[in-house]
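*Asks:*
Protein chains: 2
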Amino acid sequence: MTMSNTGGRRRPPTIHDVAREAGVSRGTVSRVLNGGHYVSPAAQEAVNAAIRKTGYVVNRHARSLITGRSDSIGFLLTEPQERFFEDPNFNVLLRGCTQALASHDVPLLLMLAGTEDERRRITRYITAGHVDGVLLVSSHSGDPVAEELREAGVPLVACGKPMGLGAKVSYVAADDRDGAKDMVRHLLSQGRRRIGVVTGPLDTPGGVERLAGYKEVLSEAGIEIDEKLVVPGDYSRASGEAGAERLLAQAADIDAVFVASDLMAQGVLTALQRAGRRVPEDVAVGGFDDSPAATAVSPALTTIRQPWDRISNEMVRVLLAQIGGEDPAAVILPTELVKRDST
Amino acid sequence: MTMSNTGGRRRPPTIHDVAREAGVSRGTVSRVLNGGHYVSPAAQEAVNAAIRKTGYVVNRHARSLITGRSDSIGFLLTEPQERFFEDPNFNVLLRGCTQALASHDVPLLLMLAGTEDERRRITRYITAGHVDGVLLVSSHSGDPVAEELREAGVPLVACGKPMGLGAKVSYVAADDRDGAKDMVRHLLSQGRRRIGVVTGPLDTPGGVERLAGYKEVLSEAGIEIDEKLVVPGDYSRASGEAGAERLLAQAADIDAVFVASDLMAQGVLTALQRAGRRVPEDVAVGGFDDSPAATAVSPALTTIRQPWDRISNEMVRVLLAQIGGEDPAAVILPTELVKRDST
DNA sequence: CCGGCGTCTGTGAGCGTTCACAGTAGAGAA
DNA sequence: TTCTCTACTGTGAACGCTCACAGACGCCGG
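Chains A and B supply the protein sequences, listed in that same order. Going from the first sequence to our numbering is simple: count from 1 and add 6. Going from the second sequence to our numbering is simple: count from 1 and add 6.
1) Are there 16 or more other CB atoms within 10 angstroms of the CB of GLU92 of chain B, so buried, or fewer, so exposed?
2) Just by C-beta distance, which residues in the stretch 98-110 of chain A are closer than 8 Å to chain B?
3) Should ALA52 of chain A be labelled buried (16 or more other beta-carbon atoms within 10 Å of its own) or exposed?
4) Can you have a look at ALA1 of chain A and say buried or exposed, based on whether 16 or more other CB atoms are within 10 angstroms of its CB?
5) Provide the residue span of the alpha helix (DSSP H) that contains TYR177 of chain B, from first to last.
6) In whole angstroms, give me the CA-to-CA distance for LEU100 of chain A and ALA255 of chain A.
7) What would DSSP say about GLY197 of chain A, mapped onto helix, strand or coil?
8) Quick check: what's the CA-CA separation for VAL98 of chain A versus TRP314 of chain A?
9) My output table needs one value for GLY246 of chain A: the three-state DSSP class, helix, strand or coil.
10) Sorted by chain position, which residues of the same chain lie with C-beta nearer than 6 Å to VAL143 of chain A's C-beta, five sequence neighbours on each side aside?
11) Beta carbon of ARG216 of chain A: closer than 7 Å to some heavy atom of the ligand MN?
12) Using the beta-carbon of each residue, which ones in chain B are nearer than 7 Å to GLY185 of chain A?
13) Checking 8 Å against the spacing of the C-beta atoms, do VAL137 of chain B and ILE79 of chain B come in under that value?
14) Runs of 3 residues minimum, wholly inside the stretch 196-234 of chain B: which ones carry the beta strand (DSSP E) assignment?
15) Taking Cβ positions only, does GLU92 of chain B come closer than 8 Å to chain A?
16) Can you tell me which of the three DSSP states GLY282 of chain A falls into?
17) Closest Cβ-Cβ distance between GLY13 of chain A and chain B: below 8 Å?
18) Helix, strand or coil, according to DSSP, for PHE294 of chain B in the structure here?
19) For SER70 of chain A and GLY135 of chain B, what's the separation of their Cα atoms in angstroms?
20) Count the other CB atoms, across all protein chains shown, that sit within 10 Å of the CB of TYR44 of chain A; report buried if there are 16 or more and exposed otherwise.
21) Run through DSSP, which three-state label would ALA302 of chain B get?
22) When the cut-off is 8 Å and only beta carbons count, does GLU124 of chain A lie next to chain B?
23) How would you list, in chain order, the residues of chain B whose beta-carbon sits under 9 Å from the beta-carbon of GLY135 of chain A?
24) Is LYS187 of chain B buried or exposed, if buried means 16 or more other CB atoms sit within 10 Å of its CB?
25) How about the stretch 102-120 of chain A and the stretch 317-328 of chain A: do they share at least three Cβ pairs that are nearer than 8 Å?
26) So, for THR12 of chain B: in the same chain, excluding its five sequence neighbours on each side, which residues have a beta-carbon less than 6 Å away from its beta-carbon?
27) For LEU275 of chain A versus VAL236 of chain A, is the C-beta spacing smaller than 8 Å?
28) Out of B:ASP123, B:ASP77, B:ARG17 and B:SER145, state which residue places its alpha-carbon closest to the alpha-carbon of GLY61 of chain B.
29) One question on the structure: do ASP296 of chain B and ASP268 of chain B come within less than 8 Å of each other, judged by their Cβ atoms?
30) Name the residues in the stretch 78-90 of chain B whose C-beta lies less than 9 Å from a C-beta of chain A; which are they?
31) What residues from chain B crowd round THR276 of chain A, counting only those whose CB sits closer than 7 Å?
32) Measure the alpha-carbon distance for THR301 of chain B versus GLN272 of chain A and round it to whole angstroms.
33) Identify the continuous alpha helix (DSSP H) that holds ILE310 of chain A and give its terminal residues.
34) Enumerate in chain order the residues of its own chain whose CB-to-CB distance from TYR220 of chain B is below 6 Å, with the five nearest sequence positions on each side excluded.
35) Mind listing the chain B neighbours of SER70 of chain A? Cutoff is C-beta to C-beta under 7 Å, in chain order.
36) Tell me the DSSP secondary structure of ILE260 of chain B in three-state form.
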């Protein structure tokens, strides 16, 4: 039973205790804690030993008070709750970002802005400086929160290119157009010629690009775009189901559908099977995202994989860089065709 | 252009600025901020006006430094990531807790412990006092994290009764047994007699209780329990599908299945339909949870609603009470039968 | 021997808040 | 009047850390 142990038993050890234990000053301990520059190897060693011995953990509040940073970041989702409940992509992204941040020892604050009230509260919270930066996920266009945060100068990285925010905000996105092209080429290579499309929301760059990829490949193949084959969706399962029904009604002779999200593709599958069309024999279905939903259905979806791990890692990297003073950046990541049973 | 405005333009206003603006002392401002006891109405008024005028927001780090509280809580999910990706119940709970906490102005830190490494890191983070308490979601038994946290004296509230932690940890749960009984009675009332069951994990109280409810009602109705009608599951969709197949193989004459989770019920539906059984004509299917999954399938699931909103609210209430010094508590909430198309 | 430089270390100040305490004023009781 | 009690207010002193600064030491070139 040592003095140092008995003495400060009840309350956690401070940097002061570590300094005393290691026989150095607070300043030296602090320097070791923050990168260890200008510290002799001997002191370095002694401090680390003292930290282990005392079980010291830095008091983040004291640190933040003086640095002005909170060393935490917000994950902001501005989607209606139904979307959050039905689309597992959010979970994948959430997990990826949590993991990426954990390796930097930065906690993630979850902010769900489903209602106007929450939106306001969250905006206030963020602009008050309670987080150093924000990872933004919002599939819909013209997000007022994003605009406010940008104006307030809060470091911000969006998932997917945001609409109408100019080049001022960073984003990380998959190569939507390229992915769409791959899928449509794949459908073509299977001999499909009457290829319908259920688009994403066309007020978002992602939705527009995926449709553009579809049209581009068909044109290159010398197939004229039939507007009856193009029906709008909003990424929700219900809109996929409705889209497929509309497609079936407008163009009963389709032999394939390119669906701009896996969740919508689930709906498409449901509608197709209800209409007695076999997948993939009668109609091939290609999705987009490679969300967990893709393998939860039967037949398992052929889809375009968005590299979620890389997307989350890049979002975190770009955000931390921006917090460190760097300029906003846009990162486009390649996609990959995943062949399964629906084509 | 007033002096007070021009002076402190760059950096946010402090409690001191507010005090000067209002013509009172820091202490008085602080008292207003924390409930306003022992403050004259006039001072109260002046301080509030000054806060509005200066746009003051409390510096949480300074506050935490002295109070020793972090005024934030952790939401800890100790599930493999596949479970997190496929089960929308987590999202519902996450949203409920976020919302409940927001009304207390307490941020939620998301902690996903999928791997052993993360488990360790998170435990260290929590026991270091970086959060005041933890909302725990972990469907599997014998969770080492929970045990460690309990031993460290961290305020903890679990969702669902945790296995083997004794009465020492708070939890909020729906009345599993009662819900199961309602469902089986409902099945009985529809004239079903050969009722199979796909159970939840039987190393958790929830799984055990739901099965117990099933057996209890059948016994009361004078129907002998046929063990061929009881197959195990683990709440995952895949286990539901496998369970239904096994049921079909062991007891082809079933006319109903009580499934211990909606997600498994999705799998059951898939297997049943693949086997050519019509739902609900040939076989009725009853789920449990009323998860978003229940209405995403066809036919829409008859299920037992867990009152998620109340569950999250209670979890937060109990946790905050416990942080405030109260004793651990157990809350059991009533369920409700939701009749849809699968029975 | 001096001066300068680069490496390393200790020290005081201060970040913005809360808390304990001391103190004031006014009302009511003795 | 004087004393006590209650309602309210102001004032240091922390909380645990980082940062700027000053100083010590060894080494080099003049």
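Even for Gly, the Cβ is constructed at its ideal location relative to N, Cα and C. Note that the structure is predicted; figures quoted are calculated from it, not measured.
*Replies:* Reading off the structure:
1) Under this definition GLU92 of chain B is a buried residue.
2) Against chain B - using a Cβ distance shorter than 8 Å - the residues of the stretch 98-110 of chain A are VAL98, LEU100, ARG101, THR104, GLN105 and ALA108.
3) buried
4) A query on residue 1 of chain A cannot be resolved here, the shown segment of chain A reaching from 7 to 349 and no further.
5) It is not in any alpha helix (DSSP H) - TYR177 of chain B instead sits in the beta strand (DSSP E) that spans 176-180.
6) 38 Å
7) coil
8) Whole-angstrom Cα-Cα distance: 7 Å.
9) helix
10) LEU83 and CYS165
11) Judged by which ligands are present, the structure shown has none, so any question about the ligand MN falls away.
12) Those within 7 Å of GLY185 of chain A in chain B number zero; the least Cβ separation is about 21 Å.
13) yes
14) 201-204
15) yes
16) coil
17) Note that GLY13 of chain A has pLDDT 32, beneath the 50 cutoff, so the model's placement of it is unreliable and no number is given.
18) coil
19) 15 Å
20) exposed
21) helix
22) yes
23) The contacting residues are PRO18, VAL63 and ASN65.
24) Buried, by the Cβ-count rule.
25) yes
26) Since pLDDT at THR12 of chain B reaches only 33, below the 50 mark, its modelled position is unreliable, and the value read off the structure follows with that caveat. Cβ neighbours of THR12 of chain B beyond the five flanking positions: none.
27) no
28) B:ARG17
29) Yes, Cβ-Cβ distance for ASP296 of chain B and ASP268 of chain B is below 8 Å.
30) SER78, GLY80, PHE81, GLN87, GLU88 and PHE90
31) SER304
32) 14 Å
33) In the DSSP annotation of this structure, ILE310 of chain A is not part of any alpha helix (DSSP H); the continuous beta strand (DSSP E) holding it starts and ends at 309-311.
34) ALA186, VAL190, VAL203 and PHE264
35) Chain-ordered, the chain B residues with CB closer than 7 Å to the CB of SER70 of chain A read HIS67.
36) coil
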